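In this note's numbering, the protein residues as written are 20 to 1002.
Data block below; observations after.
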């Protein structure tokens, strides 16, 4: 009997053990109800039963999000199974009212630990007095260090930089160590382009940095942070699962949490130059509405930055007038439950581009030389809008977002083109050759001519496009895992037509041959694209995640090319450019069926990816990370099925049906190491990618609508494969105590079956016949190295240097003999760049010396190839000086030097001087500015370069020198500080 009782007791204990269920992990975060930021102090956390008796207690801990460095105040309980499933979480901390939060728990099984999250529980301060004291403490301990690292985040302290009165955000960004502000508003930090410029963590006119750079006063900025912003999926999972977005985040001072901001600027100058701008913004901690408008014909950003530099010179050049207006809004919940944002804009631009110069085409058996003049007048109107909505269910950690967009564009152009091609380099400069190109009196240079051709064109296009991006995340209940479903839909409809008068002369024996054409092209296009991806996020353990995914993509692409020869119609002989016959049947008589076609593509892609991630961090007992590893391996395979129908009008609308299937492998590897105390960051990446050729390139047809450039299809083209390796280094905290920065990167790229163009040039007629082919042997390598350091103890004198190098090994096929097979040619090109800046700052004085040098070298494996070496050098000085009576002078003097070019007019020295005199009035709210652009009248815009097939040297028209008087008014208003009134 006794043995029986013991046996029953053992069985009972065994069944009890088997039936025991895993504890529930109950966790959450605590935030300030007003700011939405993490509670700074320690929070006492208690878990109460429904009858208010205490079950468990714990203390909060700090957790830093991977990617953006945001520190959160967190708590967690591991709750064993209880009879009563209803509980109350009690939170207490100094200076805040006690918070009670009800929740319900459920236990599932022995092997699955359920996870319940209470996200962003708000706590309200008990007194304004205590809040004011805390703010005073922050002000007292503010540092004047210019920058420091906080985890993976580079933080610039705005108050540590000496800026002139009335400076905007662009002046601050231009002074940040390691940062470079491009003339078009793009920002580069430590050799890497910033993908998005944020204001208080939120997008601001996404895709156009200039609105914020030109209109936000620098005195409102507390910090500028640069980091990789984690995606919404990473945020919900609590760890990095994708690349994120490299951003610059502008944080405003606390006193500017609520208020109004407005500024306007108007200017009028010589040479019919004008400028007008207006900007207004209403903002709170959780909302923002912005309106802006501008019009100008001075290429907009021609102004001195905080260093006195007037920015780079746009290679595209030309004269541009712009009229633009827009709206931006942003509303988001303090608990990060929802976000609504969007933009709407309308713009009109008018451009006048003149491009003249010479080029040399490298050919076996002797090069050919071109002189060219091109003038284009174009206008474009664009209306667009984009919106974003996101909602997060805090209890379940599920979320979704939608982002619709729409844009309409209409463009018109008028184009004139002249070209002469020679078998020997013209004796005179390109301008003299162009003047006599169509003259009846042939000069010595004209006797070496191969062809001369000219064109007049007018045309227009209209584009309507819309899209919808969507994203959703579903947390698997009682686990740490989740599923995301995302994708996009896009539609594009484009209609374009063009009229062209074409004249072409060449010699056949001693006789001058003429080919004149009156051409009309009508090219409607329509495409639709849909992509859906599903990804599962599986926590293998605390350090390893496995994230398999499947992506489906479908593309519909329809395009027609209707080419008409109006010159075959008798009635067209005396008609002006842009004429069309009134009858459709008459127009069809002019259809050039040999060069008219329709194309219809259906493409299906199925992609399977296996994403393996491992991350390991060393931490202090308080949870502060001191070092880390991150490794990601992503092999994938894509099955692509193309169904392409090419309808050739020359064959009586008989179509070529091309069905191509491709198996496209891809793989990527990323290894990132943060050394002890985050002194250094090292990252190695390797990528393997492959792609299919264009279906139009596979068509067996000769395309000859342009008689000077005949193109052949190649049905035997293969898919290409690319291999990329890169290494990146960043000094992080190693040098930050001395305000030094060091960064560098290097890489290598190799292409297998790269798609190149094999071409044959007929020196008798000047006609080029080209065909796409696969080639092997193309590769290139590069490196970049940047360093910034103060040179004196007071850190007034700063040196920054950037060194870059590129090497290109290019393979192609070319020939000037119609009877021979194109020869394999290997061209090697090397490019070296050096950029130096030396700046001295003391109080309101800012003086700098700058220098830039670029060397290009090209050689080829041909006996008749002459190596090319060109130099482009610029050096000068810049200064910002405060003068008596609230005047300020900003000036820049730069010498541009070019050497090694074929044209004598290119090898020259140009001294360029720009200046601005500013008078501040009404406590710096009102400013008068006098700008002098290109005072010496020496500015010239040069586009010169070398590649595997040619070298070119072109001048582009630039803004004429002018003087402009500007009036700027700034206004900002904040509500009265009720807390100070109560004190």
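Glycine included, every Cβ here is placed at the ideal spot set by N, Cα and C.
Remember, it's a predicted structure, so these values are computed and weren't measured experimentally.
The three-state secondary structure of residue 613, taken from DSSP, is helix.
In the three-state reduction of the DSSP assignment, residue 850 falls in the strand class, which pools E and B.
Linking residue 898 to residue 539 through their CA atoms gives a straight-line distance of about 55 Å. When beta bridges are read from the DSSP output, residue 583 appears opposite 539 and 610. Taken through DSSP and simplified to helix, strand or coil, residue 529 comes out as coil. In the DSSP assignment, residue 108 falls within the beta strand (DSSP E) that extends over 105-111.
Taking C-beta atoms under 8 Å as the contact rule, residue 910 and residue 887 fail to qualify, at a distance of about 36 Å. A straight line joining the alpha-carbon of residue 908 with that of residue 865 spans about 10 Å. With respect to the 8 Å criterion, residue 592 and residue 545 are not classified as neighbours on the basis of their beta carbons. A contact between stretches requires three or more CB pairs, one per stretch, nearer than 8 Å, and the segment 791-801 meets this requirement with the segment 762-774.
Short of 6 Å from the beta carbon of residue 122, and not among the five residues preceding or following it, lie these beta carbons of its own chain, in chain order: 106. Across the structure, residue 582 and residue 372 are spaced so that their CA atoms are roughly 27 Å apart.
Here the C-alpha atom of residue 69 lies approximately 8 Å from the C-alpha atom of residue 103.
If you draw a straight line from the Cα of residue 445 to the Cα of residue 848, it is about 25 Å long. Taking C-beta atoms under 8 Å as the contact rule, residue 483 and residue 432 fail to qualify, at a distance of about 19 Å. Per DSSP, residue 194 is one residue of the alpha helix (DSSP H) stretching across 188-194.
A contact between stretches requires three or more CB pairs, one per stretch, nearer than 8 Å, and the segment 617-632 meets this requirement with the segment 555-567. Counting only the Cα atoms, residue 120 lies some 7 Å from residue 109. When C-alpha distances from residue 837 are compared across 682, 879 and 783, the shortest belongs to 783. Residue burial is scored here from C-beta neighbours: residue 607 has fewer than 16 other C-beta atoms within 10 angstroms and is therefore classed as exposed. Contact annotation, residue 525 with residue 785: C-beta distance approximately 6 Å; criterion of less than 8 Å satisfied. Inside the segment 883-943, DSSP marks whole beta strand (DSSP E) runs of 3 or more residues at positions 887-902, 906-918 and 928-940, from first to last along the chain. If the five residues before and after residue 353 are omitted, its C-beta is found closer than 6 Å to the C-beta atoms of 55 and 305, all from its own chain and listed in chain order. A distance of 8 Å or more separates the beta carbons of residue 311 and residue 257. Proximity to residue 81 across 904, 101, 946 and 60 peaks at 60, based on C-alpha coordinates.
Residue nearest to residue 735 within the set 752, 794, 701 and 698 is 794 (criterion: CA-CA distance). Here the segment 180-196 lies against the segment 235-251, with 3 or more beta-carbon pairs under 8 Å apart.
Relative to residue 588, the option among 970, 987 and 605 whose CA is nearest is 605.
Distance between residue 575 and residue 845, taken at the CA atoms: about 38 Å. Secondary structure note for residue 451: its alpha helix (DSSP H) is the uninterrupted segment 449-454.
Using a C-beta cut-off of 8 Å, the segment 284-293 makes no contact with the segment 261-271, since fewer than three inter-stretch Cβ pairs fall below that distance. Here the alpha carbons of residue 419 and residue 489 stand approximately 8 Å from one another. In this structure, the beta-carbon distance from residue 507 to residue 487 falls below 8 Å. The beta carbon of residue 543 is closer than 6 Å to those of 514 and 579 in its chain, skipping five residues each way along the sequence. Following the DSSP letters along the chain, one finds residue 865 inside the beta strand (DSSP E) bounded by residues 864-879. The same chain holds no residue with a CB closer than 6 Å to that of residue 385 once the five nearest residues on each side in sequence are set aside.
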